[in-house]
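One structure below.
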Amino acid sequence: MTKNKSGYNIQDILAEMKDEYWQGLAEIEEEYEERLECITFLLGGEIYAFETVYATEVIRMPKLVSLPRVQEIITGVFNLRGGILAAMDIRSLLGLPREPITASGRIIVLKSDRFSTG
Numbered sequence: 378m379t380k381n382k383s384g385y386n387i388q389d390i391l392a393e394m395k396d397e398y399w400q401g402l403a404e405i406e407e408e409y410e411e412r413l414e415c416i417t418f419l420l421g422g423e424i425y426a427f428e429t430v431y432a433t434e435v436i437r438m439p440k441l442v443s444l445p446r447v448q449e450i451i452t453g454v455f456n457l458r459g460g461i462l463a464a465m466d467i468r469s470l471l472g473l474p475r476e477p478i479t480a481s482g483r484i485i486v487l488k489s490d491r492f493s494t495g
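If you want my numbering, it's the position in the sequence shown, counting the first as 1, plus 377.
Okay, structure coming up:
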């Protein structure tokens, strides 16, 4: 290999730069850590979360239609773009007291392969 006027070998410099580049990429992969993306919400003064894989959207409190003879967790059903979803109040599952539903409340819409709910 030939050296230029300054005494440096261009091929060696390029090879060294290439090695540094690939080493930098390897270090980035090692630093990568798995992260879990969630939506958080507050109930009874405590923070809870759902994975965003399941929590597809947050909507304003729609008009809920009550259903007779359903479990206490189901507060009613509502229309979401032509689909009927059950509205669930998970406070009872978490051992929290029920609170009145207000217009300022929000519903987190959850979807999975088997069902959708809010």
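Don't be surprised by glycine CBs; every beta carbon is placed ideally from N, CA and C. All of these numbers come straight from a predicted model, not from anything done at the bench.
{"Asked": "Which complete beta strand (DSSP E) runs does the region 391 to 468 hold, if anything under 3 residues is left out?", "Found": "415 to 420, 423 to 428, 432 to 437, 451 to 457, 460 to 465"}
{"Asked": "Return helix, strand or coil for Ile484, following the three-state DSSP convention.", "Found": "strand"}
{"Asked": "Among Phe455, Asp389, Ala480, Leu473, whose alpha-carbon lies nearest the alpha-carbon of Val486?", "Found": "Phe455"}
{"Asked": "Here's the rule I'm using: 16 or more other beta-carbon atoms within 10 Å means buried, otherwise exposed. How should Gly495 be labelled?", "Found": "buried"}
{"Asked": "Taking only the alpha-carbon atoms, compute the straight-line gap between Gln400 and Met394 and give it to the nearest angstrom.", "Found": "10 Å"}
{"Asked": "Within this structure, are the beta carbons of Ala464 and Gly453 separated by less than 9 Å?", "Found": "yes"}
{"Asked": "Just mark Leu470 as buried or exposed, buried being the case when its beta carbon has 16 or more other beta carbons within 10 Å.", "Found": "exposed"}
{"Asked": "Can the beta-carbon of Leu444 be found closer than 9 Å to that of Ile451?", "Found": "yes"}
{"Asked": "Note down the Cα distance separating Leu391 from Tyr398, rounded to an integer number of angstroms.", "Found": "10 Å"}
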